[in-house]
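What follows is one structure encoded as structure tokens, with my remarks underneath.
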Amino acid sequence: MDELTAPHASAWRVALRPRARQWLIAARHALPLLLAAPCGGALALAFAPWSLRWAAAIGMVGMAALFSVAPSPRRAAGIGLCAGAGLMTVGTTWIIHAIEGGTSAAPWAAAPILAAFVLISALPYGLMCWLGGWLVPLEAGILRMRIVRAALVLPAAWTLAEWLRGSGPFALPWMLTGTAHVPDGVLAGWMPVLGMFGTGWLAWTLAGGFACAYWLARQRRVLAAAVVAALPPAVLGLSMPLASIGWTTPEPFPLHVRLWQTNHPQGEKWNRTIADATARELVDWVEHAPPHSVLLTPELAMIDPWQMLPADWTDHLKQALAERDNTLLLGIPGADIATHRLFNTLTAVGPHAREAEPQIYLKERLAVFGETLPAKTLLGRLYARAFAWPLQDLSAPEPGENTPLLYADGHVLAAAVCFETAFTRSGAQRDARAAFIANPSNDAWFSSSRYQMHALQITQAAALETGKPILRANNVGYTAVIRPDGSLQSVLPSSVAGELTADVIGHTGTTPFARVGEPLIIGICCAGLLLAWRLGRCRHPSSFD
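Residue numbers (this note's numbering): 5 to 549.
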């Protein structure tokens, strides 16, 4: 029997060898992708509330090593895509709460929306890594090209991918590398100079430097590896004196502020009974505020447009403010009755307004699907079935239509509603005349303390970028006063109703980043890619080949 089966067994072994070889090749090709995803997930651990920057450093160095050995642009794109997907999957799981809350009319939509969100957010990373792999092929000299990819290409590619993801009408400023170093990271001192994207680029450059040191050490280039490994600590050391520089000028007199945290869950916020009770609480709050105060409410604390409120109610509110010489910064919808448009506004009411009527700031950046629906004419029926969110048809102001600065108690304030603090490159936040940034916001969408802490961290980054204190009044938390260095002067606990009072020193002037903006770091990234391309096409012998 054994003699009969032996030839068949041998034939099976011969037949399995090509298949085993194919499986090994497939596993070898898939391994970098499988490793890239946890590298991206490790980067997410650097953000609040975890703040495990050491884990992110390991993931970034690992990502640099994987990218530097990708044999083709397609493999490089796959590594970038998987790393981006890992970052967004681990870092933004709290978005499930918003999807489930907003798609109550169609529960089936939550899973596809989450998957589409992660994929779309990861696409810029795949695209830019493909470009980097195409610019610098490995054939020109394996060691040299690994070093060029790790030190020049990946920092520029990842930063440009973050810039693409954080720009345009669909921008969401979550999980951007520079934010992870706020407020007390070793690279935080670079934030007023390079901004959020520039600080992220610097972090990736340092990670690439360690990867370069690893490749050099493997080739027994010990001296070169030691020199390269010494550069990141030198850059980190320079961050400390930068952090001690006061880039803006403090005002001589403080501003007394009172920030209101209403603690209304998203499902109750639009209830008429709750809204009427909020209106009564607002009047009572104004009537009992001490004189010479600036009062700030959360975003959309009132659900009826200011222009449609009863005249006797608004007159009573103005009178109560005038009697105490106070100014109310009210988060409320605004209506342009002539053009039938609705806005998300911060409305300044009180005797210190320059005009007889309230000053109104119109929110310029609207949350896609939360405040505005793209291609509504084409996809209106699908939206009606899939979403159950109120105020989905808000408008952004036309150029020249907005009020860039607000005035309160002799001080100038720049307004930034909700996540607009992440876009310090535009708007009045960069204006040298503004001494404060007023930031009404609402984080009840996500019902997650993780998101609340990440959103607070983004706002702290904005304070560092602009060198101005930020007054943040949030519906559910965290309501806080943030110093120009990004630290917290005072903060309310999350998920409680209350009032935060503080005397805050305003700061006028601008930081280097506020003067130059993002063109500097975008230019640095493009120059890095151009230099890498030139080195990738260079055929003359090199000591690194």
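Using N, Cα and C, we set each Cβ at its ideal position, and we do this for glycine too.
Within the model, the alpha-carbon separation for A60 versus A418 is close to 34 Å.
Classified as buried, T209 has 16 or more neighbouring CB atoms from the shown chains inside 10 Å of its CB. The beta carbon of L235 is closer than 6 Å to those of G213 in its chain, skipping five residues each way along the sequence. F347 carries a strand assignment under DSSP once its states are collapsed to helix, strand and coil.
By the Cβ-count criterion, D329 is exposed, with fewer than 16 other Cβ atoms from all chains shown falling within 10 Å of its own Cβ.
For H292, no alpha helix (DSSP H) run applies, since DSSP gives it neither H nor E.
Taking a contact to require three or more Cβ pairs closer than 8 Å, the region 237-250 and the region 91-99 do not qualify as touching. Around the beta carbon of E405, a 10 Å sphere encloses fewer than 16 other beta carbons of the protein chains shown; the residue is thus reported as exposed. Within the same chain, Cβ atoms closer than 6 Å to the Cβ of V140 are found at M149, V152, R153, V157, A536, G540, the five residues on either side in sequence being excluded.
Beyond the five residues adjoining it in sequence on each side, Q223 comes within less than 8 Å, by CB distance, of L147 in the same chain, given in chain order. Sixteen is the threshold: when 16 or more other Cβ atoms of the shown chains lie within 10 Å of the Cβ of P177, as they do, the residue is buried. Counted as a single uninterrupted DSSP element, the alpha helix (DSSP H) harbouring Y218 occupies residues 195-222. A straight-line Cα-Cα distance of about 10 Å links A467 and Q461.
Only exposed fits S248, as fewer than 16 other CB atoms lie within 10 angstroms of its CB.
For L259, the enclosing beta strand (DSSP E) begins and ends at 253-265.
Residue pairing by DSSP puts N443 in a beta bridge opposite R476. Taken in chain order, the whole beta strand (DSSP E) runs of length 3 or more contained in the region 312-347 are 331-340.
Relative to the Cα of G271, the nearest Cα in the group F450, Q493, R429, V485 belongs to F450.
Sequence-distant partners of V232 (beyond 5 residues in either direction) whose C-beta falls short of 6 Å from its own C-beta, in its chain, are G213, C216, A217.
Y365 sits in a strand when the DSSP states are folded into three classes. It is roughly 32 Å from the alpha-carbon of A420 to the alpha-carbon of G84. Judged by their CB atoms, G527 and P187 are not nearer to each other than the 8 Å cut-off.
Your pair T301 and L333 checks out as a contact, with CB atoms roughly 7 Å apart and the cut at 8 Å. DSSP places L135 within a helical segment (H, G or I) once states are collapsed to three. Nearest to T470 by C-alpha distance, out of A501, A484, R454, V520, is V520. The three-state secondary structure of V421, taken from DSSP, is coil. Looking from the CA of R476, the closest CA among S452, S453, D447 belongs to D447. A distance below 8 Å separates the beta carbons of M132 and A161. Under the three-state reduction of DSSP, T463 is assigned to helix. Taking C-beta separations shorter than 6 Å and ignoring five residues to either side along the sequence, the partners of L164 in its chain run M132, C529, following chain order.
Take the alpha-carbon of P355 and the one of I341: they are about 25 Å apart. By the Cβ-count criterion, Q265 is buried, with 16 or more other Cβ atoms from all chains shown falling within 10 Å of its own Cβ. For P128, the number of other beta carbons within 10 angstroms of its own is at least 16, and it is reported as buried. Across the structure, L259 and I486 are spaced so that their CA atoms are roughly 14 Å apart. Assignment of beta-bridge partners to T505 by DSSP yields R262. L300 is bridged by DSSP to L263, L333.
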